[in-house]
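Protein chains: 2
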Amino acid sequence: MNAQKNTRTIIFVAMRDGTMVSKSTAKFIRSLQIKKYRQKAQAFLVEGEKSVAELLQSHLHIDKLVAAPEFIEKYGTMVNKKVAEPLEASPAEISSLGSFKTNEAALAVVRMPDSKPAFLPEGRWGLILDDVRNPGNLGTIIRIADWYGFHSVICSRTCADFFNPKTIAATMGSFSRIVPAYASLPDLLGSVSVPVYGAYLEGQDIHKAQALKPGWLVMGNESTGIRDELDPFISQPITIPGQGQAESLNVAIATAVLCDNLVRLSKET
Amino acid sequence: MNAQKNTRTIIFVAMRDGTMVSKSTAKFIRSLQIKKYRQKAQAFLVEGEKSVAELLQSHLHIDKLVAAPEFIEKYGTMVNKKVAEPLEASPAEISSLGSFKTNEAALAVVRMPDSKPAFLPEGRWGLILDDVRNPGNLGTIIRIADWYGFHSVICSRTCADFFNPKTIAATMGSFSRIVPAYASLPDLLGSVSVPVYGAYLEGQDIHKAQALKPGWLVMGNESTGIRDELDPFISQPITIPGQGQAESLNVAIATAVLCDNLVRLSKET
Numbered sequence: 583m584n585a586q587k588n589t590r591t592i593i594f595v596a597m598r599d600g601t602m603v604s605k606s607t608a609k610f611i612r613s614l615q616i617k618k619y620r621q622k623a624q625a626f627l628v629e630g631e632k633s634v635a636e637l638l639q640s641h642l643h644i645d646k647l648v649a650a651p652e653f654i655e656k657y658g659t660m661v662n663k664k665v666a667e668p669l670e671a672s673p674a675e676i677s678s679l680g681s682f683k684t685n686e687a688a689l690a691v692v693r694m695p696d697s698k699p700a701f702l703p704e705g706r707w708g709l710i711l712d713d714v715r716n717p718g719n720l721g722t723i724i725r726i727a728d729w730y731g732f733h734s735v736i737c738s739r740t741c742a743d744f745f746n747p748k749t750i751a752a753t754m755g756s757f758s759r760i761v762p763a764y765a766s767l768p769d770l771l772g773s774v775s776v777p778v779y780g781a782y783l784e785g786q787d788i789h790k791a792q793a794l795k796p797g798w799l800v801m802g803n804e805s806t807g808i809r810d811e812l813d814p815f816i817s818q819p820i821t822i823p824g825q826g827q828a829e830s831l832n833v834a835i836a837t838a839v840l841c842d843n844l845v846r847l848s849k850e851t
Numbered sequence: 583m584n585a586q587k588n589t590r591t592i593i594f595v596a597m598r599d600g601t602m603v604s605k606s607t608a609k610f611i612r613s614l615q616i617k618k619y620r621q622k623a624q625a626f627l628v629e630g631e632k633s634v635a636e637l638l639q640s641h642l643h644i645d646k647l648v649a650a651p652e653f654i655e656k657y658g659t660m661v662n663k664k665v666a667e668p669l670e671a672s673p674a675e676i677s678s679l680g681s682f683k684t685n686e687a688a689l690a691v692v693r694m695p696d697s698k699p700a701f702l703p704e705g706r707w708g709l710i711l712d713d714v715r716n717p718g719n720l721g722t723i724i725r726i727a728d729w730y731g732f733h734s735v736i737c738s739r740t741c742a743d744f745f746n747p748k749t750i751a752a753t754m755g756s757f758s759r760i761v762p763a764y765a766s767l768p769d770l771l772g773s774v775s776v777p778v779y780g781a782y783l784e785g786q787d788i789h790k791a792q793a794l795k796p797g798w799l800v801m802g803n804e805s806t807g808i809r810d811e812l813d814p815f816i817s818q819p820i821t822i823p824g825q826g827q828a829e830s831l832n833v834a835i836a837t838a839v840l841c842d843n844l845v846r847l848s849k850e851t
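Protein chains in written order, with my numbering: chain A, 583 to 851; chain B, 583 to 851.
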């Protein structure tokens, strides 16, 4: 950045606000890295340029925005529309508030939105996650569900927390469009009337499946798959046919491949 | 672990060998976290229980094995067959030698194997990676190529290093079956006679493709895709049809979805 741009930035911020992050605000923001405090505050963190930029274009409510002058300059119009008093901070300060090793752009405290009800409109797909423990996997899966236009995502209560900063980061912005509901899966699955597809190692070869009706796709735990107690609710066990010698695929990879096949096969009906 | 088992372990190791890791060996092992030293030694690290167990069953040559007594006891027969003098170390020592935060099992120094020549037998698939920079993505992609029975993987010279410990870990054992070759992609692609499929945002909808002939699939960089200079060599640009609002898929996820579609469509010929 050249000197002239730097000067303009500082003047812009000073004119606009100049508010700094107080010690108590910093303490509150840091506390949101921990689930207990997120739940108490009903708020979560969104970190990094791409995610905060997506956030500024979403319907989500921003409680606080802490941003570097460069970020405020670059996204000025969007920031003005959405945030009354952005807090200015240096990249080092922003990094110290959040979970990222380095964050030179921005960080926001956001109200937890309501999740969509566990209901599928006619012709739409939904995803059910049974005990997906890794926050990165959960976030990647939310991004996949968003790509394939899934209507809803339901998590068992033992899944990773959607509002974990690692999950939010891994969604690459999809957190603003898909918010999973947490539910007791046997209770939920006991009452559905659409098909329930489940990922197993020994199900129907999905490449040999014919046109099929949209419904729920159930994916299981990273190591142990879908829990036995859910087996009675799975109407169609399905499998990705492997040709090589790898034992398994990562759960996010398997979710993508099955979503792709199911969406393709339901377009054929 | 109970006291009796512990005693047996210690006796077993003491009888067998009792060799400890010397300071100079520790220094050498640590140096293999850096590419320059891996290339000089023509050796790389394999870390963690699952990966080392896969290694013990592979054809790869193990220069050194550093393992906890529990690991040597559990995999005793396999270790005896493959390693003349396993070095005994505590979990803390093993962790200090490698790149994992914690490694309570084992770590091995392995000879770099030759990669397969960049040649596809009739009816087999191959994968070409153009500038895939992230070691975790590269490893995950190797695991996917292994799952789908791809014959070869070729990397541009700007791709992440296959022998980076993060890549090796992400392959989840597939490193012992698929070793990519590094090559100049324009030179390579100029001489192939099979179809070359390339992942683009605006190619043919892969869900609408008909039966097709096996060949090479080219995947591009995480942010910028396939480089322009390779465009003339791509005979069939292909695309994953998205239904939702996510902008893109992670390169490993996209690779899995395209491999799955291509393998399915080539079974139909």
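All C-beta atoms in this analysis are idealised placements derived from N, C-alpha and C, irrespective of residue type, glycine included.
*How about GLN825 of chain B: is its C-beta nearer than 7 angstroms to some C-beta of chain A?*
Yes, its Cβ sits closer than 7 angstroms to a Cβ of chain A.
*Which whole-angstrom value describes the C-beta separation of ILE726 of chain A and LEU831 of chain B, a residue pair presumed to lie in contact below a C-beta threshold of 8 angstroms?*
Confirmed, about 7 angstroms.
*So with Cβ pairs under 7 angstroms, would you call GLY797 of chain B a contact of chain A?*
It does not: the Cβ of GLY797 of chain B has no partner Cβ on chain A nearer than 7 angstroms.
*What's the gap between the Cα of LYS663 of chain A and the Cα of PRO651 of chain A?*
Going from the Cα of LYS663 of chain A to the Cα of PRO651 of chain A covers about 17 angstroms.
*Using a C-beta cutoff of 7 angstroms, does LEU767 of chain B count as contacting chain A?*
Chain A contact via Cβ: absent.
*How should LEU767 of chain B be labelled, buried or exposed, when 16 other C-beta atoms within 10 angstroms of its C-beta is the threshold for buried?*
Residue burial annotation: LEU767 of chain B is buried, with at least 16 other C-beta atoms found within 10 angstroms of its C-beta.
*Are the C-beta atoms of ILE593 of chain A and some chain B residue less than 7 angstroms apart?*
Because ILE593 of chain A carries a pLDDT of 39, less than 50, the predicted location of this residue cannot be relied on, and the following value inherits that uncertainty. Put simply, the CB of ILE593 of chain A is far from chain B, with every gap to its CB atoms at 7 angstroms or more.
*Classification of PHE744 of chain B by the beta-carbon crowding that lies within 10 angstroms, buried from 16 upward*: Answer is buried; the Cβ neighbour count reaches 16.
*Kindly list the residues whose CB is nearer than 7 angstroms to the CB of ALA838 of chain B, restricted to its own chain and excluding five residues on each side of it in sequence; keep chain order.*
The beta carbon of ALA838 of chain B sits closer than 7 angstroms to the beta carbons of ILE726 from its chain, once the five residues preceding and following it are set aside; these are given in chain order.
*What does THR722 of chain B touch in chain A if you count any residue whose Cβ is under 8 angstroms from its own?*
Under a criterion of Cβ atoms nearer than 8 angstroms, the residues of chain A adjacent to THR722 of chain B are, in order, ASN832, ILE835.
*Contact under 7 angstroms by Cβ, GLY802 of chain A with VAL776 of chain A*: Taking a C-beta distance under 7 angstroms as the contact criterion, GLY802 of chain A and VAL776 of chain A do not qualify as a contact pair.
*Since I believe TYR779 of chain B is in contact with GLN818 of chain B (beta carbons under 8 angstroms), could you give me their beta-carbon distance rounded to a whole number of angstroms?*
Between GLN818 of chain B and TYR779 of chain B, the beta carbon gap of about 5 angstroms places them in contact (Cβ cut-off 8 angstroms).
_Beta carbon proximity, LEU840 of chain B to chain A, threshold 7 angstroms_ = LEU840 of chain B is outside the set of residues whose beta carbon lies under 7 angstroms from a beta carbon in chain A.
*asked:* Which complete alpha helix (DSSP H) runs does the segment 603-665 of chain A hold, if anything under 4 residues is left out?
replied: Qualifying alpha helix (DSSP H) stretches, in chain order: 605-613, 617-623, 631-638, 651-656, 658-664.
*Mapping DSSP to helix, strand and coil, what is ASN716 of chain B?*
ASN716 of chain B falls in the coil class under three-state DSSP.
*State yes or no: is the beta carbon of ARG725 of chain B nearer than 7 angstroms to at least one beta carbon in chain A?*
Interface residue (Cβ-Cβ distance to chain A less than 7 angstroms): ARG725 of chain B is classified as such.
*Could you tell me which chain B residues have their CB closer than 7 angstroms to the CB of GLY731 of chain A, listed as they occur along the chain?*
Think of a sphere of 7 angstroms around the beta carbon of GLY731 of chain A: the chain B residues whose beta carbon falls inside it are GLN825, GLY826, in chain order.
*For HIS789 of chain A and chain B, any beta-carbon pair shorter than 7 angstroms?*
Output row for HIS789 of chain A: interface = yes.
*Please compile the residues from chain A whose C-beta is within a distance smaller than 8 angstroms of the C-beta of LYS849 of chain B.*
Residues of chain A passing the Cβ test: HIS789.
*Who does TRP798 of chain B pair with in a DSSP beta bridge?*
TRP798 of chain B is bridged to B:GLY708, B:VAL778.
*Got a sec, what are the start and stop residues for the beta strand (DSSP E) VAL735 of chain B sits in?*
First-last of the beta strand (DSSP E) with VAL735 of chain B: 734-738.
*Of all Cβ atoms in chain A, is any one closer than 7 angstroms to the Cβ of ASP645 of chain B?*
No, its Cβ sits nowhere closer than 7 angstroms to a Cβ of chain A.
*THR659 of chain B to ALA635 of chain B, Cα distance in whole Å?*
The alpha-carbon atoms of THR659 of chain B and ALA635 of chain B are separated by roughly 11 angstroms.
_PRO703 of chain B, enclosing beta strand (DSSP E) - first and last residue_ = Bounds of any beta strand (DSSP E) do not take in PRO703 of chain B, whose DSSP letter is neither H nor E.
*asked:* Against chain B, with Cβ distances strictly below 7 angstroms, would ARG759 of chain A count as a contact?
replied: Yes, ARG759 of chain A lies at the interface with chain B (some Cβ there is under 7 angstroms from its Cβ).
*Are there 16 or more other CB atoms within 10 angstroms of the CB of GLY772 of chain B, so buried, or fewer, so exposed?*
When all chains shown are included, GLY772 of chain B counts as exposed.
_Pairwise C-alpha distance: ALA674 of chain B and LEU647 of chain B_ = CA-to-CA, the gap between LEU647 of chain B and ALA674 of chain B works out to about 15 angstroms.
*Tell me, which residues are paired with ALA765 of chain A by DSSP?*
Note: ALA765 of chain A sits in a beta bridge opposite A:SER738.
*Straight-line Cα distance separating ASP713 of chain A from ASP813 of chain A*: Approximately 14 angstroms between the Cα atoms of the pair.
*Using the Cα positions of ALA834 of chain B and ALA700 of chain B, report the straight-line distance between them to the nearest angstrom.*
ALA834 of chain B and ALA700 of chain B: Cα-Cα distance of roughly 21 angstroms.
*What do you get for ALA585 of chain A, buried or exposed, if any count of 16 or more other CB atoms within 10 angstroms of its CB means buried?*
Only weak support is given to the placement of ALA585 of chain A: the predicted model assigns it a pLDDT of 38, under 50, and the question is left unresolved by the model.
_Among A:ILE788, A:LYS632, A:LYS698, A:VAL691, the one whose alpha carbon lies nearest that of TYR619 of chain A_ = Distance check between TYR619 of chain A and each of A:ILE788, A:LYS632, A:LYS698, A:VAL691 places A:VAL691 closest, using alpha-carbon atoms only.
*Beta-ladder partner(s) of LEU670 of chain B, from DSSP*: At residue 670 of chain B the sequence reads Glu, which differs from the Leu that was named. Partner(s): B:ALA649.
*How is THR722 of chain A classed by DSSP in three states: helix, strand or coil?*
It is helical.
*chain B partners of ARG846 of chain A, CB-CB under 7 angstroms?*
Neighbourhood of ARG846 of chain A in chain B, by CB distance below 7 angstroms: HIS789, in chain order.
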